[in-house]
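In the UniProt record's numbering, the protein residues as written are 1 to 213.
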């Protein structure tokens, strides 16, 4: 005898979403559209084939909707959306289908996201190139898209960012401390922020020059 799935209980979660319990133990989430389309009612019995179809169909639709909902709050990378959907229990097919949908309409565009971060956040937050690369890698941005984004932070811009952080750090240190110690702590701070040795050296030279006057 083929496996059957009987609707044991239906509980409304919110206006268009239901918890449906099959065989007294299997819990699924269905939209009201799925409930109506497949006639998921109390006591209804479905074959395994139909049950699998209902679950897959519902997850594919909800994954698309959830993806749009995530993006309505802030821009996200493909990996970030995938991770969220996976964590929320969507099946692999529903996730991939949702990502294809979002990419086809340019709702998800990792290259644009990387470029926007490089042009805006990296500038306003005065990141180093390494810091920006680290942030983009955390979002799962591809190597090619990261390399493209890096072109928006040239050496002059990075030196400008490092100078901002360097002078700010140096001036925050007590003047009662030895000058060389303040310079050392400033260099360490810039290194922690991902600035290169050459950039740090130039900033330290700027600070020395200003304090010699």
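Where is the CB? At the ideal position from N, CA and C, for every residue including glycine.
For residue i and residue j, I'd like the C-alpha separation in whole angstroms.
i           : j           : result
residue 142 : residue 12  : 41 Å
residue 154 : residue 193 : 17 Å
residue 35  : residue 73  : 28 Å
residue 135 : residue 152 : 15 Å
residue 160 : residue 113 : 23 Å
residue 15  : residue 27  : 18 Å
residue 2   : residue 40  : 19 Å
residue 59  : residue 205 : 59 Å
residue 9   : residue 22  : 7 Å
residue 230 : residue 175 : Outside the displayed range of the chain (1 to 213) lies residue 230, so it cannot be described from this structure.
residue 91  : residue 123 : 38 Å
residue 120 : residue 127 : 10 Å
residue 107 : residue 84  : 16 Å
residue 210 : residue 200 : 15 Å
residue 38  : residue 97  : 21 Å
residue 86  : residue 190 : 37 Å
residue 78  : residue 70  : 11 Å
Applying the criterion that 16 or more other CB atoms from any shown protein chain within 10 Å of the CB defines a buried residue, is residue i buried or exposed?
i           : result
residue 129 : buried
residue 19  : exposed
residue 182 : buried
residue 133 : buried
residue 51  : buried
residue 67  : buried
residue 228 : This structure gives no information on residue 228, because the portion of the chain shown stretches from 1 to 213.
residue 186 : buried
residue 166 : buried
residue 169 : buried
residue 195 : buried
Check the C-beta distance from residue i over to residue j and give it rounded, since I have them as a contact under 8 Å.
i           : j           : result
residue 111 : residue 148 : 6 Å
residue 81  : residue 102 : 7 Å
residue 4   : residue 46  : 7 Å
residue 63  : residue 95  : 6 Å
residue 56  : residue 31  : So it is not a contact: roughly 13 Å between Cβ atoms.
Once DSSP output is grouped into helix, strand and coil, what is the label at residue i?
i           : result
residue 9   : strand
residue 151 : coil
residue 29  : strand
residue 207 : helix
residue 21  : strand
residue 138 : helix
Practice task
Go through the UniProt domain "RecX third three-helical" (156-204) residue by residue and report every complete run of the beta strand (DSSP E) that reaches 3 residues or more, in order.
Solution key: none
Exercise for the section: Pick out the complete beta strand (DSSP E) segments inside the segment 39-65, 3 residues or longer, and give them in chain order. Expected result: 45-47
Practice task
Can you check the segment 69-109 for any alpha helix (DSSP H) of at least 4 residues that lies completely inside it and give the ranges in chain order?
Solution key: 78-87, 92-104
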